[in-house]
Structures are given as C-alpha cells and as structure tokens.
Amino acid sequence: MGEEKHLRVGLIGCGKMGRHHMASIQAAGTGQVVAIADPMVDSTTLEGLASPDVRLYPDATTMLAEVELDVVHIVTPPATHADLAVQALEAGVHVYVEKPFAPTLADAARILETAAARNLKACAGHQVVFEKGALKAARILPLLGRVVLARSYFSFRQARRNLTPMEQTLDILPHAVYPLLAFLDDGSGGQPTAELLGLNVDPDGEVQAIVGKGGKSGIAMVSLSGRPVSHTLEVAGTNGCLNADFVSGAVTRLPGPGASAIAAVMAPYITTFQTLVGSTVGFASMFFNSKIAYKGLPPLFRKFHQSILNNRPSPVTPASIRETVGLCEAVEAALQAADQVRQDEARRLVEDAERSMPAPDSGKGLVVVTGGTGLLGSELVRELLGCGFRVRALVRKVPPWTGRIPGVDYQVCDLGGDVAPSLLEGADLVIHCAAETAGGVAEHQRNSVDATRNLLQASHSAGVTRFVQISSIAVVISSGEYGGPIDEGAPLDPAYADRGPYVWGKGESEKLAVEFGEAHGIDVRVVRPGPLVDYENYTPPGRLGRDVGPRFVVIGRPGSSLAVCRVRTAARLLRRYAEAFEETPRILHLLEPEVPTRKDLVEKLRESRPDLNVWYVPSTLVRILSPGLKLLQRVVFGSKKPVDVYMAFASERYDTSMAADLARKIDC
6 MGEEKHLRVG
16 LIGCGKMGRH
26 HMASIQAAGT
36 GQVVAIADPM
46 VDSTTLEGLA
56 SPDVRLYPDA
66 TTMLAEVELD
76 VVHIVTPPAT
86 HADLAVQALE
96 AGVHVYVEKP
106 FAPTLADAAR
116 ILETAAARNL
126 KACAGHQVVF
136 EKGALKAARI
146 LPLLGRVVLA
156 RSYFSFRQAR
166 RNLTPMEQTL
176 DILPHAVYPL
186 LAFLDDGSGG
196 QPTAELLGLN
206 VDPDGEVQAI
216 VGKGGKSGIA
226 MVSLSGRPVS
236 HTLEVAGTNG
246 CLNADFVSGA
256 VTRLPGPGAS
266 AIAAVMAPYI
276 TTFQTLVGST
286 VGFASMFFNS
296 KIAYKGLPPL
306 FRKFHQSILN
316 NRPSPVTPAS
326 IRETVGLCEA
336 VEAALQAADQ
346 VRQDEARRLV
356 EDAERSMPAP
366 DSGKGLVVVT
376 GGTGLLGSEL
386 VRELLGCGFR
396 VRALVRKVPP
406 WTGRIPGVDY
416 QVCDLGGDVA
426 PSLLEGADLV
436 IHCAAETAGG
446 VAEHQRNSVD
456 ATRNLLQASH
466 SAGVTRFVQI
476 SSIAVVISSG
486 EYGGPIDEGA
496 PLDPAYADRG
506 PYVWGKGESE
516 KLAVEFGEAH
526 GIDVRVVRPG
536 PLVDYENYTP
546 PGRLGRDVGP
556 RFVVIGRPGS
566 SLAVCRVRTA
576 ARLLRRYAEA
586 FEETPRILHL
596 LEPEVPTRKD
606 LVEKLRESRP
616 DLNVWYVPST
626 LVRILSPGLK
636 LLQRVVFGSK
646 KPVDVYMAFA
656 SERYDTSMAA
666 DLARKIDC
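The sequence shown maps to residues 6 to 673 in our numbering.
This is the structure we're talking about:
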C-alpha cells in the first residue's frame, strides 16, 4: 500500500486557488486529479496541470455520482464549504477543505461529526505550518523552555477582487490564528481549548486578538494596511526566542537567557547572519521551484493522502480545526458588530445627502454604468451625478453604505449570466466599464466577452441606441509597428491574445461590441484607456518601476514620457459622451493630453513617501540585458513563457491630440 498507490482525487472549484491545488497534488505524488467540478472550468486552463482524460463536470453532485473518488479537495467560496464537504462525506469520500474551513463552529462540527460517523477524514488548509520554515521552528520550540508569549502577524495587500476589507480580513485570518495555536500547543492533546482573552478590531482590515491556551498566551494580528507585506511568527520562552518569517523562509533563534552584556551585543549579529543564510536558501528554493506558489501545500497534501492510504490520523487534527474556526467566528462577530455601527452612521449620512440633493436636470437623461463600484466606474458615477444626470449602476452586489454614492440607483446584475432588459429601460446611454481583471481565459470569456454580449442584447431589447464600450489601449499595435506615435487610426494587434487573458478579453469584447452595434442599429463608441492612476490614492503605474528593498527602481530616463490617464480626467472625458454623444469620436484613446514624465510620476509618489530613494536605470541597458534574462527564465521555469523585461517597462508613443481636443470642449 503506502506511497506507491495514488489516490483518485476530485477537485471542487477550479479557480486560481484550485489550479494551485492541482500543481501541488502533482508535486505531492500521492494523488491524481481524475475529475473536476466547476461550471466555468475549461480544458484550455488545465494544460500541464491535469491529464487530458480528466473528467469535467458542471457541479459536485454529478461528479460524486458518476466518478469513483477517494478524496475531494474543496476550493470554493467559504460559505459553500460545509454543504459540499458533508455531501462528499455522505458519498463515502474523504475531504480536504480550503481555509476558512467553515464560517461557523456549528458548520465545522457538522463536517467533522459527519466524517467521524463514517470513519472518514476531513482536513483543513492549514498549510503554513507545513512549510520548511515552520517545521524548523517547531523543532526549535522544545529548546526554548516554557513558552511565555507567541505573536503571529500577517499583513497583506488589499485584494482587487470583489471583496470588502472585512471579507478579505476574514478570508486570511486563519493564517494568523492556526500557526499561533500550533505553537501554543504542547502536543499533549489534553490541553484546554484556546480562549479569546482580548480583542481589538477595525472593519477596514485590522485585527489584534489576545489568545490564551493552557496557561500560555499569544497575539494573532492581521493588517491590510501595515507595511511591508509580511507573515511572521515570534515565540519567546524562558530559554530563548525564535522568529519565523514565512515569506522568506528564514528562521532565527536566540538561545539561552540572553541576560549578559556579551549576549546583548552579539544578538543582532547572530540574527542578521541567520536571516541572511535562511533568506538566501528560502528564496533560492522559491526561485528553482516557482511552479509551487504555496510551499506548504505539497507536504500537507502528501501527509493527508498518506493518512488516508495508511489509515492514520489526519495531519490537521479535528481539535485544531475547531479551535481555529471558533476563534475566527468570535473575531467575525466583533468585526460585524463594529461594522454595523459604521454602516448605520453611513446610511444616515447617505440618506440625508439624498434628501438634500437637487432634482436631476430635466434636460438630461438616464445613464446606465456597469462596474459602477470600480476605480473608473465610481469616479464616472460621481461626475455624471454632479452634472445633473440620473445614474443607474449595475453591480455584482450592492456596496455597503460606507461605499455608496448618494443618488445612485444600484441594481444587482451578473452580466455574465442573464441580463434583464428592464434594467436598461429608459436609458439614454450605456457606458460599459465592467470587465474581469483576474483569472484565466474562462473567467475573461464569461465576465468580459459574454458579459458584453449579454449587455448589448439587453440594451437592444430595451431600445437603447447609444453605447460606450470601455476597452484598453493595450489591444492596439505598438508604435514601432505603427511607424510613429499611436493615434486612434492604429489597428488592433492581431496577436493581442499573447498579451494575456485581460487584453484578450478586452480585444474580443471591443470587436464584439462594434460588430453587434453595426448589425443591430446601436451606435457604439470605443474608448481605450491607458494605465489609470488615481492621484488621490496614488499607486504608481506598473511601467514606471518597482520597489526593490529600500529603493524604487525606475526603468527609463527621468525626462522620458510615460502615458497614463488620471481617473479624474477619464471621468470628465467620458462625461462628454453623455452630454454630446453625436460630437464624440468613434474611437478615443483615453490619455492625459499632456503626457507626464517619469520624474513627474516619481514626484507624485514622493508626496506620500518623502524618504523615497530612487534609482533610474537606462532602458537601453535593460534592452541589452533582456535576451539574457529571457534565456535564464527558460532555464529556470522550463516551458513557462518568459517575460520580456524590456517590453514590460518600455514606453509607447501616443498622439494625444484627440483627447486634448475633447478636453477643451468640457466645461470646467
């Protein structure tokens, strides 16, 4: 038996994290994915991750009924975990459930009790404690004496996905909780359940929880604004301390009481050396094993699969799952209570503002905006309201009161599904800003291309005759191919699909919109924004450069131009389409009429980071080095397509005269 047998694995959910599971199952070597249940799964997204004969299903029920499985990995939204896990267990299949394991302790108990009743195993996605750094820290732990205090800290960037800060906080919270509990546990199995001793929360993404367990205490902390992004665990004992950095993989240890003068002097040198060596080894491991993004998944999968094969206890115990879910549920209750206070106040302010707003201008009609809660859409909505238009925003979900704009008619609509024509009735203009921003071809097909088709069909049924399609300037050919600065006459790049799923989705949606409009009598305008920047909440455009340690490295000369578009400028120019649609160009490249230089954009960054240390690297040097860097990527990453570093930062030349002409026609 043992490791020679491969488990038959079913995957429920095949989004980004699901694909990470597939790669890690391959790396673990103890299972083979034979079936996938996901209504959006596409065989083109599985290349290199699953065998060609993997069976695809639109739902878990059909998969469980038709395929003989040993275990399923559930990689779906947390609210679906309990029902799917119980369904699989009742079908006689072991379950691995991604974190958060379950939203409530009652749901977790339902899963675990069902597993126990059927002599099956349930495992949670607590992979961090199976990474090399965590395993090394666990070996050191007994040498520290009695644990006095532990601190688990996880700071993360705010997601671009359709999650509120509170939702994202709850999504990553387990990664701060279960490592803390693991290092407070003495391994005896008889310790009392962890309890929450103190709690401070902010719904914008801050949690500090004091946890007690067996006479020891620790702090679990999550932050969406603390920088730099990090994930660490510190443990102090009566005979020394350790610090595990889960980002770099480095683990440092200071042994002994450290009370002498020489110990105090040597401590920073010891930890610096350990950090240097540990980080070098850790990053080298990441570099040469880049196909596995989450290093703890393969060893956790291997141990869990072996526990099934050899009928041994699961590597993540039911007790630790219950403790983690219980603490997370308590934190969620506190976050929701704090958020409710904020939402109540925000609702009062929104309703007061709406009561005092002037009536819409009778001479201006209704504008329907998709993506009305996004970066561009929300600014456009404000601009239109400020000029007297009525605005209806089609959104995936109504934003919380703290995110609502007074006067907007929010309507829930899944553009990738059925779009009711009634949502478009009475509209003088539709401005389609919504698009998929993450995932692979399948996601962009549904949420960009199919969404555009569905919206156009509903608009046609509702009698709408004016439509603005927000595309991307990335779909056109380069200035080198065009033979000069790119203007609105430049053709689409025939190979825009090579620029990634996002650009592919934009290009396909643009072509579809134009063709549909011509066939059905809808006057379609195409607007292609360049890189959007928000000067009020500034993040530099990707082509400017990157943070490298304490410095910001800019690719290009200080005086070289870098075409971008401020969100405020974009909203003002799009307003013109609502005011005088017939006078607007059929195609517009949405850029700042006066193109800023790299130095201009760096100086804007200095406003929030006055201590910024900037290095300018000549683009010519990067161009010379780029072929060698591509070759290195091929050697290290194998079949993965290498990135052309020079092209990633190269500046395109644009003719912005049409945007400048439109800007002159806008009233200030």
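C-beta: ideal position from N, C-alpha, C; glycine also.
- Looking at Ile-297, Leu-238, Gln-462, Gly-393, the one whose alpha-carbon comes closest to that of Ser-367 is Gly-393.
- Going by DSSP, Arg-352 is part of the alpha helix (DSSP H) stretching over 323 to 361.
- With respect to the 8 Å criterion, Arg-548 and Pro-536 are classified as neighbours on the basis of their beta carbons.
- Inclusion of Gly-18 and His-310 in the CB contact set at 8 Å is not warranted, their separation being larger than that value.
- In the same chain as Ile-313, and ignoring 5 residues on each side of it, the C-beta atoms closer than 7 Å to its own belong to Leu-12, Asp-75, Val-76, His-99, Lys-126, in chain order.
- When C-beta atoms of the stretch 251 to 258 are compared with those of the stretch 131 to 138, three or more pairs fall below 8 Å, so the two segments count as touching.
- Under the criterion of beta carbons closer than 8 Å, Arg-123 and Gly-150 do not qualify as touching, at roughly 42 Å.
- Looking at the DSSP output, Trp-406 sits in no beta bridge, so it has no partner there.
- DSSP places Phe-309 inside the alpha helix (DSSP H), whose first and last residues are 302 to 314.
- In this structure Arg-360 is exposed. Its beta-carbon is surrounded by fewer than 16 other beta-carbon atoms within 10 angstroms.
- In chain order, Val-91, Leu-94 place their CB closer than 6 Å to the CB of Thr-119, counting only its own chain and leaving out the 5 sequence neighbours on each side.
- Per DSSP, the continuous beta strand (DSSP E) segment holding Leu-202 begins and ends at 200 to 207.
- A direct Cα-to-Cα measurement between Phe-288 and Asp-207 gives close to 33 Å.
- In the displayed model, Asn-618 falls within a strand according to three-state DSSP.
- Check the Cα spacing between His-449 and each of Leu-390, Trp-509, Leu-567, Val-435: the tightest is with Trp-509.
- Excluding the 5 residues flanking it on each side, Gly-203 has same chain C-beta neighbours closer than 6 Å at Ile-215, in chain order.
- By the CB criterion at 8 Å, Asp-112 and Ala-87 fall inside the cutoff.
- Shown here, Val-446 sits in a helix according to DSSP, grouped into three states.
- Pro-590 and Met-663 have their C-alpha atoms some 8 Å from each other.
- Listed in chain order, the beta strand (DSSP E) runs fully inside the stretch 107 to 193 are 127 to 129, 152 to 160, counting runs of at least 3 residues.
- Phe-557 has Asp-552, Val-619 as its beta-bridge partners, per DSSP.
- Between the alpha carbons of Leu-593 and Arg-628 lies a gap of roughly 31 Å.
- According to the DSSP secondary-structure assignment, Glu-211 is paired through a beta bridge with Asp-207, Ser-228.
- Looking at the backbone, the Cα of Asn-315 and that of Leu-381 are separated by about 55 Å.
- At a cut-off of 3 residues, the continuous stretches assigned as beta strand (DSSP E) that sit fully inside the stretch 456 to 493 are 471 to 475.
- Rounded to the nearest angstrom, the Cβ distance from Leu-189 to Gly-231 is 23 Å, too far for a contact under 8 Å.
- By the CB criterion at 8 Å, Ser-235 and Leu-154 fall outside the cutoff.
- The continuous beta strand (DSSP E) containing Glu-239 extends over residues 235 to 242.
- The C-alpha of Val-473 lies about 31 Å from the C-alpha of Asp-605.
- Non-local beta-carbon contacts of Ala-164 in its own chain, meaning distances under 7 Å to residues more than five positions away in sequence, involve Gln-173 in chain order.
- Counting along the chain, the unbroken alpha helix (DSSP H) around Gly-283 starts and ends at 266 to 293.
- Distance check between Asp-414 and each of Lys-402, Val-424, Asp-423, Gly-422 places Lys-402 closest, using alpha-carbon atoms only.
- Distance check between Arg-551 and each of Leu-617, His-465, Ala-40 places Leu-617 closest, using alpha-carbon atoms only.
- For Arg-533, the enclosing beta strand (DSSP E) stretches over residues 528 to 534.
- As a beta-bridge residue in DSSP terms, Tyr-415 pairs with Ala-398.
- With respect to Val-321, Arg-409 sits apart: the two C-beta atoms are not nearer than 8 Å.
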